[in-house]
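Undergrad:
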Amino acid sequence: MGKRIVFIGDSITESGRFEDPEGIGTGYVRMIAKELDPRHMIMNKGVGGNRITDLADRWEEDVLRESPDVVSISIGINDVWRQLDSPEMEQVSPDDFKTIYRKLLTETRERTSTVIVLMEPTIIEEEADSKGNLMLLDYVKAIREMGEEYDAFVVPVHEVFINHLLHERPSKLTVDGVHMNKAGNELMAETWLESAGALL
Numbered sequence: 001m002g003k004r005i006v007f008i009g010d011s012i013t014e015s016g017r018f019e020d021p022e023g024i025g026t027g028y029v030r031m032i033a034k035e036l037d038p039r040h041m042i043m044n045k046g047v048g049g050n051r052i053t054d055l056a057d058r059w060e061e062d063v064l065r066e067s068p069d070v071v072s073i074s075i076g077i078n079d080v081w082r083q084l085d086s087p088e089m090e091q092v093s094p095d096d097f098k099t100i101y102r103k104l105l106t107e108t109r110e111r112t113s114t115v116i117v118l119m120e121p122t123i124i125e126e127e128a129d130s131k132g133n134l135m136l137l138d139y140v141k142a143i144r145e146m147g148e149e150y151d152a153f154v155v156p157v158h159e160v161f162i163n164h165l166l167h168e169r170p171s172k173l174t175v176d177g178v179h180m181n182k183a184g185n186e187l188m189a190e191t192w193l194e195s196a197g198a199l200l
């Protein structure tokens, strides 16, 4: 019997889903879907530019009302990136990020039996010690802590990407330092399947 699987996140998850008749897009979500039992229903709820605050605004409609068996969450890049490219905006600190995220996870645990998959954010610039990647560390740490707290599966995407960047001659994973090229999407999908694929 197929399961209902929601992937929610920002533009890295969205990846052309609005232009795709199937609504899955061309990124890592599609690559994961190709490896899963075709009886599963895959729902891509990625929206470009989203931060954890935006996920909170649409959590009821895009997650809880869909009654998924599995929800996979990929968020955090814009929570940091906006601090770098739009410092005039009201920002989401690591503490704010964790507080809002915990509320979503608590509500999900209280109202559903959904299996939760937490994806670490990927990278900001393809240098392991870039300012963005150093700032991401607190957000990655928060996700790992929430994984333990909520008995959720954690997909170590950030760790895998950083390890890739530390190779002597790493291949490119993004088109602009943030958005995935084919290799980046493949690495995200592969890491997800290794970490959470056993669920399905």
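Positions 1 to 200 (UniProt numbering) are the ones given, in order, by the sequence shown.
Where a beta carbon is used, it is the ideal one built from N, C-alpha and C, also for glycine.
Taking ILE100 as the reference, which of ILE116, LEU55, ILE73, ARG65 has the closest Cα?
TA: With distances taken between Cα atoms, ILE100 lies closest to LEU55.
Undergrad: Taking buried to mean at least 16 other C-beta atoms within 10 Å of its own C-beta, is THR106 buried or exposed?
TA: That one is exposed.
Undergrad: Beta-carbon within less than 6 Å of ASP37's beta-carbon, same chain only, minus the 5 sequence neighbours each way: which residues are those?
TA: Counting only Cβ-Cβ distances below 6 Å, and skipping sequence neighbours, we find nothing.
Undergrad: Please classify ARG4: does DSSP put it in a helix, a strand, or coil?
TA: Strand, per DSSP.
Undergrad: Within the continuous beta strand (DSSP E) that includes LEU199, where are the two ends?
TA: Neither: LEU199 is in no beta strand (DSSP E) and is coded neither H nor E.
Undergrad: Residue range of the alpha helix (DSSP H) that LEU166 falls in?
TA: It is not in any alpha helix (DSSP H) - LEU166 carries neither H nor E in the DSSP assignment.
Undergrad: Starting from the Cα of GLY49, find the closest Cα among PRO68, ILE73, HIS158, GLY9 and give me that residue.
TA: Looking at the Cα atoms, GLY9 is the closest of the given residues.
Undergrad: Give me the DSSP bridge partner(s) of MET180.
TA: DSSP output for MET180 lists THR174 as bridge partner(s).
Undergrad: Where SER72 and GLU148 are concerned, what is the direct C-alpha to C-alpha distance, given to the nearest angstrom?
TA: Between SER72 and GLU148, the C-alpha separation is close to 16 Å.
Undergrad: Quick one: measure Cβ to Cβ for ILE42 and ILE77, integer angstroms, because I've assumed they're closer than 8 Å.
TA: That pair is no contact at about 22 Å.
Undergrad: With burial defined as no fewer than 16 other Cβ atoms inside 10 Å of the residue's Cβ, what is the status of ASP79: buried or exposed?
TA: It is buried - the Cβ of ASP79 has at least 16 other Cβ atoms within 10 Å.
Undergrad: Could you compute how far the alpha carbon of SER86 sits from the alpha carbon of LEU173?
TA: Straight-line Cα distance between these residues: approximately 24 Å.
Undergrad: Under 8 Å, with one C-beta from each stretch per pair, do the segment 110–122 and the segment 144–161 reach the 3-pair mark?
TA: Cβ pair count under 8 Å is three or more, so yes.
Undergrad: Roughly how many angstroms lie between the CA atoms of ARG17 and LEU166, to the nearest whole one?
TA: Distance between the alpha carbons of ARG17 and LEU166: 31 Å.
Undergrad: Could you tell me if LEU134 is buried or exposed, where buried requires 16 or more neighbouring beta carbons within 10 angstroms of its beta carbon?
TA: Under this definition LEU134 is an exposed residue.
Undergrad: Which value, in whole angstroms, describes the spacing of the CA atoms of GLU150 and GLU110?
TA: For the sequence presented, residue 150 should be read as Tyr rather than Glu. Whole-angstrom Cα-Cα distance: 11 Å.
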